[in-house]
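Visitor: Have a look at the structure that comes next, please.
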Amino acid sequence: MYLHGTSKVNESGHLEIGGCDTVQLKEEYGTPLYIVDETLVRKRAREYMDAFRASGLKFQVAYASKAFSVTAMCALAEQEGLSLDVVSDGELYTALQAGFPTERIHFHGNNKTPNEIEMALDARIGCFVVDNLIELQMLQAMAGERNQQVNILLRVTPGVEAHTHEYISTGQTDSKFGFDIGNGAALEAIERAVKQPNLKLLGLHSHIGSQIFEVEGFQMAVERVAAFAKEVKSKLNVVFPVVNLGGGFGIRYFEGDTPLQVSQYVKAITDGVKLHFAGIAEELPEIWVEPGRSMVGEAGTTLYTVGAIKNIPGVRKYVSVDGGMTDNPRPALYDSKYEAMLANRANEATEETVSIAGKACESGDMLIWDLDLPQVESGDLLAVSCTGAYNYSMASNYNRIRRPAVVFVQNGESDLVVRRESNEDIVRNDIIPARMSKQTINS
Ligand code: LLP
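At position 415 of the sequence shown the residue is numbered 496 (this note's numbering), and the sequence of numbers has no breaks.
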């Protein structure tokens, strides 16, 4: 397993993260456990901020909280000077609970409900990323009623298709998101947006996909958005002070994944902006980006305890852990590959090839096919790396399995940031109609 950030094997032969021995973390918090290397998250945040500062452009780095939205993460993002992208009332509520500065919150989504818009207007968030005409109309009506001025970006699809898994490509024309540049929808939306008295159109937003390893897609998106900005200037005499180029910067999950350095992605974008936006307006636009996965993905490790082991001679050895698709649905959903190691015997040589199964009641609940490990025993600790993004945030209670706890680790200290769910949590919202209560049935 590749050791990201502060992960290392200590003298006891245990995996250590943030100076904390994972065997001790298991004693203290139990398993499954999400462990977040706080130092690595902060390092990533600073890499983005530093790379943009070096460009000389005005900028905002908005952490896409969908990757991992909990109050402690919002607090960290605030400390690092990041902005925040939210896509639901739940993510907005999380940010507000963390006391995140509302003027640095951007609200995304292709189907914001009236209640969500109301909540965001109440909070006076910094910007709405408007996705469609129904939203534009609703936002104007609601802002008008309150006599409130609201900043907006319009989400456009520049027609760029990133090299990525098809379920997470969003930049192409055939997408549920945004206004298409190619078919004229974007130009029409701008014409309408600038006429809305309570909406201030700051600019355009484009997001071309996720887990992208090359700069070409971003460069192409910048070029297309700039060409469109030029067209808008000449046809409508509208200029954009802001351009948001979304997220999608890749990370290393598995051998063979070849992400670039944060500074390389940022430089490609800022150089592209300097090249293609020159002369469109008096000033170059302020650049916003929205990294999610690359901010937190590599910083997360999930710790499991090995339970049942089923060996089918000549076929396969199934090693079951106390979590699975409920805490990490990505292998089942996207066929994602993960690396793992025995955290309690981290310096032992590999001896056998096994497959890691989850505990949910379906055959598709497999975390890793064909993993080389030392001779595994029930009770061993398995660490799966790179689980910081889209794991906790996509976790479910399938089979009424309780969601794990989350701890932040740094400098030899661990802090619980999300408690493990209890069985009481599982039935918290359940209601038995009175006509089904035991008393009624028995009488
Ligand atoms: N901005 C927008 C508008 C987005 O739709 C997304 C991701 C991001 C930013 C952040 O992208 P990132 O930097 O994290 O790649 N559940 C999938 C990923 C879905 C991504 C959705 N949008 C997965 O587990 O791979």
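Every residue gets a Cβ at the ideal spot worked out from N, C-alpha and C, and that includes glycine.
Keep in mind the model is a prediction, meaning the values are calculated, not measured.
Quick test of your reading: Ile198 and Met219, contact by CB under 8 Å. State the CB separation rounded to the nearest angstrom.
Guide: Ile198 to Met219, Cβ: 6 Å. Contact.
Visitor: Short check: CB of Gly404 to CB of Ala148, under 8 Å?
Guide: No, the Cβ-Cβ distance between Gly404 and Ala148 is not below 8 Å.
Visitor: The ligand LLP heavy atoms versus the CB of Ser344: any closer than 7 Å?
Guide: No, the Cβ of Ser344 stays beyond 7 Å of every heavy atom of the ligand LLP.
Visitor: Is any heavy atom in the ligand LLP found nearer than 7 Å to the beta carbon of Met223?
Guide: No, the Cβ of Met223 stays beyond 7 Å of every heavy atom of the ligand LLP.
Visitor: Here's the rule I'm using: 16 or more other beta-carbon atoms within 10 Å means buried, otherwise exposed. How should Val117 be labelled?
Guide: Its Cβ being crowded by 16 or more others within 10 Å, Val117 is buried.
Visitor: Any idea which residues DSSP pairs Glu367 with across the strands?
Guide: Per DSSP, Val323.
Visitor: Quick check on Val210: buried or exposed, where buried means 16 or more other Cβ atoms within 10 Å of its Cβ?
Guide: By the 10 Å Cβ count, Val210 comes out buried.
Visitor: Nearer than 7 Å: is that true of the beta carbon of Arg535 relative to any heavy atom of the ligand LLP?
Guide: What the structure shows of the chain is the stretch from 82 to 524, and residue 535 is not part of that stretch, so it cannot be assessed.
Visitor: Does the region 350-357 touch the region 327-335, meaning 3 or more C-beta pairs lie closer than 8 Å?
Guide: No: the two stretches stay apart, fewer than three of their Cβ pairs being nearer than 8 Å.
Visitor: Near Asn428, what residues of its chain come up, given a Cβ to Cβ distance below 8 Å and the 5 sequence neighbours on each side ignored?
Guide: Excluding sequence neighbours, Asn428 sits near Val90 and Gly94.
Visitor: Can you grab the Cα-Cα spacing for the pair Lys193 / Ile215, in whole Å?
Guide: When rounded, the distance between both Cα atoms is 10 Å.
Visitor: With hydrogens ignored, establish whether the beta-carbon of Lys147 is closer than 7 Å to any heavy atom of the ligand LLP.
Guide: For the ligand LLP, at least one heavy atom lies less than 7 Å from the Cβ of Lys147.
Visitor: List in chain order: all unbroken beta strand (DSSP E) runs of 3+ residues lying wholly within the region 181-263.
Guide: With a minimum length of 3 residues, the continuous beta strand (DSSP E) runs that stay inside the region 181-263 are 186-188, 208-211 and 231-238.
Visitor: Taking the alpha-carbon positions, what's the Ser287 to Tyr144 distance?
Guide: Distance between the alpha carbons of Ser287 and Tyr144: 15 Å.
Visitor: Identify the residues that DSSP records as bridge partners of Tyr144: which are they?
Guide: Tyr144 is bridged to Leu165.
Visitor: Specify whether the region 126-137 and the region 150-170 touch according to this definition: at least 3 beta carbon pairs, one from each stretch, less than 8 Å apart.
Guide: Result yes; three or more Cβ-Cβ pairs closer than 8 Å.
Visitor: Would you report the Cα separation of Asn478 and Gln178, rounded to the nearest angstrom?
Guide: One C-alpha to the other measures close to 24 Å.
Visitor: Buried or exposed, going by whether 16 or more other CB atoms sit within 10 Å of the CB of Asp166?
Guide: Counting Cβ neighbours within 10 Å, Asp166 comes out buried, since at least 16 surround it.
Visitor: On a Cα-Cα basis, can you pick out the residue from Ser444, Leu448, Phe321 and Gly99 that is closest to Glu119?
Guide: Of Ser444, Leu448, Phe321 and Gly99, the residue nearest in Cα terms is Gly99.
Visitor: Report all residues from its chain with a CB closer than 7 Å to the CB of Ala266; omit the five preceding and five following residues, and keep chain order.
Guide: Around Ala266: Phe260.
Visitor: Cβ of Tyr415 within 8 Å of Cβ of Ile449?
Guide: Not closer than 8 Å, so no.
Visitor: Roughly how many whole angstroms lie between the Cα atoms of Asp496 and Val490?
Guide: One C-alpha to the other measures close to 6 Å.
Visitor: If Leu173 and Ala204 are in contact, beta carbons under 8 Å, what's the gap, nearest whole angstrom?
Guide: Correct: roughly 7 Å between the Cβ atoms.
Visitor: DSSP puts Asp102 in a beta bridge; with which residues?
Guide: Paired residues: Glu97.
Visitor: Does the beta carbon of Ser164 fall short of 7 Å from some heavy atom of the ligand LLP?
Guide: No.
Visitor: Closer than 8 Å is the cut-off here; do at least three beta carbon pairs connect the region 503-515 with the region 431-441?
Guide: The region 503-515 vs the region 431-441: no contact.
Visitor: Determine the contact status of Val241 and Ala307, defining contact as a CB-CB distance below 8 Å.
Guide: Not a contact, by the Cβ cut-off of 8 Å.
Visitor: Assign Arg484 to one of two classes, buried (16 or more other C-beta atoms within 10 Å of its C-beta) or exposed (fewer than that).
Guide: Under this definition Arg484 is a buried residue.
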